[in-house]
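Worksheet: the structure to be examined is printed underneath.
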Amino acid sequence: WPEGKNSFKWKRTPIPDCGLPMNKDIYVSRGNAMQNVESFENTGKFIVWVAGISTFKELAKKDIWVSGTSDGFGETEFTEIELLLSRKPNFIKMTHDDSEKVDSSMERFSAYKLSDPEIFADLNEKTHFYWMSGTIFDYALGLFPQIKDKFHACGPGITYHHIRKKLGDKANIEIFLNFEDWKKYQLGE
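Rendered as structure tokens:
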């Protein structure tokens, strides 16, 4: 689980007039974090970095110049970005209003609200899981505490660290760069 993109959903509502943080480098966790941004002009004094390629593409459609992507490695993998910038980045993460429940080294900026979560399966019947966020993991674990001892997977970033912290060092958790790779592995492809 999930079996596909329609396995769960959240209602994501933009926070109106939230304004963009200025004079900070912006890390965008999801394309919809900037869904209420109609126009965006980068003065060249800061950069926009994104979590993955799909977010990169979404922002490019809005004519937002993206300097780079973590490409699924997580927000902690900025080891050599200073070489590109000739300075240390000063990121603020555009994310949802409930993201504080998952540890992050970045300052956060709430651009949208999550509400009305739905999971379209009985997770007690599932044995293997791929988590795309610590927030959905926490929600699912609250509904289905029996999944604690099942097999979990996620990317190498803060979701991994969050799940490891919640389940402990002996948890069955593996790292994959993305859902598609995990699914192919599970199907033996």
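Its first residue numbered 145, the sequence shown is counted upward by one per residue in my numbering. Yeah, the Cβ is synthetic: ideal placement off N, Cα and C, and Gly gets one too.
- With fewer than three CB-CB distances shorter than 8 angstroms, the region 200–211 does not count as touching the region 281–289.
- DSSP, reduced to helix, strand and coil, places G212 within a strand of the structure shown.
- By the C-beta density criterion, I197 is exposed, having fewer than 16 other C-beta atoms within 10 angstroms.
- Looking at the DSSP output, Y329 sits in no beta bridge, so it has no partner there.
- Around the CB of S173, 16 or more other CB atoms lie within 10 Å, so the residue is classed as buried.
- The beta-carbon distance between E318 and A297, rounded to whole angstroms, is 5 angstroms. This is short enough to meet the 8 angstroms contact definition.
- Taking 7 angstroms as the cut-off, the beta carbon of G218 is found no closer than this to the beta carbon of G278.
- When only Cα atoms are considered, K314 and N176 end up about 35 angstroms apart.
- With fewer than 16 neighbouring CB atoms inside 10 Å of its own CB, D293 falls in the exposed class.
- Going by DSSP, S259 is part of the beta strand (DSSP E) stretching over 251–263.
- For D215, the CB contacts under 7 angstroms within the same chain, skipping 5 residues up- and downstream, are G196, I197 in chain order.
- Selection H272, T303, T213 evaluated against T199 yields T213 as nearest (Cα-Cα).
- Looking at the DSSP output, K237 bridges to Y171, R252.
- Ranked by how close their Cα comes to the Cα of K149, the residues E244, E251, K201, I263 have I263 in first place.
- Of all alpha-carbon atoms in W275, K153, N167, K155, the one lying nearest the alpha-carbon of F323 is that of W275.
- N316 and D169 have their C-alpha atoms some 35 angstroms from each other.
- Minimum Cα-Cα distance from N234 among the listed residues Y171, H240, R308, F273 corresponds to Y171.
- With fewer than 16 other beta carbons inside 10 angstroms of its own, L227 counts as exposed.
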